[in-house]
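Report on the following structure.
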Amino acid sequence: SAVISQKPSRDICQRGTSLTIQCQVDSQVTMMFWYRQQPGQSLTLIATANQGSEATYESGFVIDKFPISRPNLTFSTLTVSNMSPEDSSIYLCSVRKQGVYEQYFGPGTRLTVT
Amino acid sequence: GDSVTQMEGPVTLSEEAFLTINCTYTATGYPSLFWYVQYPGEGLQLLLKATKADDKGSNKGFEATYRKETTSFHLEKGSVQVSDSAVYFCALSEGGGGADGLTFGKGTHLIIQP
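So the sequence lines, in the order shown, correspond to chains F and B. Just so we're aligned: the first sequence equals residues 51 to 164 in my numbering. Just so we're aligned: the second sequence equals residues 1031 to 1144 in my numbering.
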């Protein structure tokens, strides 16, 4: 498994502002992912954070809205830009280690946009 | 694209009852299949996995068998406990070794009454 931390754990933000969420893993991992869980809903993949290159976004998510960085094999950030109330969700990072199939999830960041 | 369909709850059972949560999937290739669980107030945890047809994943008394012919991965437990109350998510990952992100079902809220 992996120990994953996210900062902040929760935040309340004003419409039109941006928030950067950090994800830190206790060991080097091959792949990191970012998901969104809207209230009462399932998880939706936002993007795959690629180390040393641009993130790969899923349909419906764009880099201008959700810029992602991954400077090394243990750290990634997701920024939610120009926020609106519809961005209120839990944002989770997950990791997958080399040679295993499963992903492990961080505790999530609960974002409320007012 | 890929999709996962699972029975939606809430599902309410009495303690020691038999549990089945149905999950079927649509995928273009040969996905890896997972069950994740989210206990109240906690993060998402891997419950079990199966990476090829006829594999059986098991953990904490839960089992699920990868059925390629019926594209299913139903979760079962012979005798549930109050502590099993949680939201259960069926998920799949395509790509070699599950390299892609996860596609989740909508989740099944399980309530076990004493």
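Using N, Cα and C, we set each Cβ at its ideal position, and we do this for glycine too.
Could you check whether the Cβ of residue i sits closer than 7 angstroms to any heavy atom belonging to the ligand MG?
i: residue 100 of chain F; result: Judged by which ligands are present, the structure shown has none, so any question about the ligand MG falls away.
Check the DSSP bridge columns for residue i and list the partner residues they point to.
i: residue 65 of chain F; result: DSSP output for residue 65 of chain F lists no bridge partner at all.
i: residue 1066 of chain B; result: B/1076 and B/1119
i: residue 99 of chain F; result: F/82
i: residue 1056 of chain B; result: B/1033
i: residue 106 of chain F; result: F/98
i: residue 57 of chain F; result: F/72
i: residue 1134 of chain B; result: B/1121
i: residue 1086 of chain B; result: B/1095
i: residue 113 of chain F; result: According to DSSP, which records beta bridges pairwise, residue 113 of chain F is partnered with nothing at all.
i: residue 119 of chain F; result: F/127
i: residue 164 of chain F; result: DSSP output for residue 164 of chain F lists no bridge partner at all.
i: residue 51 of chain F; result: Per DSSP, none; premise fails for residue 51 of chain F.
i: residue 1050 of chain B; result: B/1106
Under 7 angstroms Cβ-Cβ, which residues of chain B neighbour residue i?
i: residue 98 of chain F; result: 1131
i: residue 173 of chain F; result: Residue 173 of chain F cannot be examined here, being either before or after the span of chain F that is shown, 51 to 164.
So with CB distances below 8 angstroms, who are the chain B contacts of residue i?
i: residue 83 of chain F; result: 1131 and 1132
Is the beta carbon of residue i less than 8 angstroms from the beta carbon of residue j?
i: residue 80 of chain F; j: residue 146 of chain F; result: yes
i: residue 124 of chain F; j: residue 77 of chain F; result: yes
i: residue 1121 of chain B; j: residue 1098 of chain B; result: no
i: residue 1079 of chain B; j: residue 1062 of chain B; result: yes
i: residue 1050 of chain B; j: residue 1135 of chain B; result: no
i: residue 1073 of chain B; j: residue 156 of chain F; result: yes
i: residue 83 of chain F; j: residue 95 of chain F; result: yes
i: residue 1100 of chain B; j: residue 1055 of chain B; result: no
i: residue 1041 of chain B; j: residue 1140 of chain B; result: yes
i: residue 116 of chain F; j: residue 129 of chain F; result: yes
i: residue 87 of chain F; j: residue 164 of chain F; result: no
i: residue 75 of chain F; j: residue 99 of chain F; result: no
i: residue 1124 of chain B; j: residue 1047 of chain B; result: no
i: residue 152 of chain F; j: residue 1064 of chain B; result: yes
i: residue 1104 of chain B; j: residue 1094 of chain B; result: yes
i: residue 158 of chain F; j: residue 56 of chain F; result: yes
i: residue 114 of chain F; j: residue 131 of chain F; result: yes
i: residue 154 of chain F; j: residue 1076 of chain B; result: yes
Which bits of chain F does residue i rub up against, with CB to CB less than 9 angstroms?
i: residue 1136 of chain B; result: 91 and 92
Output, in chain order, the set of chain F residues within a Cβ distance shorter than 8 angstroms of residue i.
i: residue 1119 of chain B; result: 92 and 93
i: residue 1073 of chain B; result: 142, 155, 156, 157 and 158
i: residue 1123 of chain B; result: 151 and 153
Name, please, each residue of chain F whose Cβ falls closer than 7 angstroms to the Cβ of residue i.
i: residue 1064 of chain B; result: 152
i: residue 1115 of chain B; result: Near residue 1115 of chain B there are no residues of chain F at all, since even the closest Cβ is about 17 angstroms away, more than 7 angstroms.
Entirely enclosed beta strand (DSSP E) segments - the stretch 124 to 161 of chain F, minimum 3 residues: 125 to 130 and 139 to 146
Counting only Cβ-Cβ distances shorter than 7 angstroms, please list the residues of the stretch 1075 to 1086 of chain B near chain F, keeping chain order. 1076, 1079 and 1081
Which runs of the alpha helix (DSSP H) at least 4 residues long sit entirely within the stretch 65 to 93 of chain F? Give them in chain order. none
Please list the segments of the beta strand (DSSP E) lying wholly inside the stretch 1088 to 1131 of chain B, counting only runs of 3 or more residues, in order along the chain. 1092 to 1095, 1105 to 1107 and 1116 to 1123
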